[in-house]
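Heads up, the thing below is written out as structure tokens.
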Amino acid sequence: MSWFELAVIWLAWVLAGGSPGPATLGIASTSMALGRRAGVIFAFGILTGGGMWGVTAALGMSAVMLANAWVFEVLRYAGAAYLMYLAAKSLRSAISTKPGLMGKVQTGTPWRIYAKGVLVQLTNPKAILSWGAIYSVALPPHANGADLAFMFCFLYSGGVFVFVGYAFLFSSRKAVESYTRMRRWFEGAFALLFGVAGLKILTTRVAS
């Protein structure tokens, strides 16, 4: 895989992670209400929970792909279906004139806020599906343990960028006001990108 292809995958992962969901909305709301420190703590909890799912998916994916090549194709199309679902969800939000949904403000001690972040991501269907989908899309059927480890670290850096970035972004009033004004444009862009990515997966034959 070329560096350009890796860059495209990383960008797609960042866009998927940055689309509205329990994690991003929770970080945004907590940062706006309690400040940057609380938002970053909650973001680290999100990253911990996401990392657990990433490692679990990598270990399971490695064993499954070695034993059953056909499972790779099933996961690949499941990943495409999930991207199309995200595209439809983003398009619906872009068309809607209602204000964007906000997440729950996470209060308590730093440890409690962190633990809530872990729990949110461990129970987040978006996190569970995303890791399996991205592995099936980004890796060939014969991927080994080293390939999976590299892809995990590579993608995890995108998660750090998104979630910690959200905490910094939404602790700034001006940034929040700008995002609110342009929310529908962002959602429209998410819909287009997810749709194109899903169609690309469905129409591309992966060599074994």
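Residue numbers (the working numbering): 181 to 388. Note that the Cβ used here is the ideal one computed from N, Cα and C, for glycine as well.
Query                                                                                                                                                               : Result
How many Å lie between L195 and S358 at the Cα?                                                                                                                     : 18 Å
Decide if L328 is buried, meaning its Cβ has at least 16 other Cβ atoms within 10 Å, or exposed.                                                                    : buried
With a threshold of 8 Å on Cβ separation, who are the neighbours of I293 within its own chain once the five nearest residues in sequence on each side are excluded? : T210, A218, I221, F222, G225, Q286, T287
Would you grab the beta carbon distance between A267 and A371 for me? Rounded to a whole angstrom, and I think it's under 8 Å.                                      : 5 Å
How many Å lie between V340 and A347 at the Cα?                                                                                                                     : 11 Å
Would you call N324 buried or exposed, if buried means 16 or more other Cβ atoms sit within 10 Å of its Cβ?                                                         : exposed
Assuming L214 is part of the alpha helix (DSSP H), what are its boundary residues?                                                                                  : 202-214
Taking the C-alpha atoms as reference points, what is the distance between L214 and L205?                                                                           : 14 Å
Rounded to the nearest angstrom, what separates S316 and A238 at their Cα positions?                                                                                : 10 Å
State buried or exposed for W311, treating a residue as buried only when at least 16 other CB atoms are found within 10 Å of its CB.                                : buried
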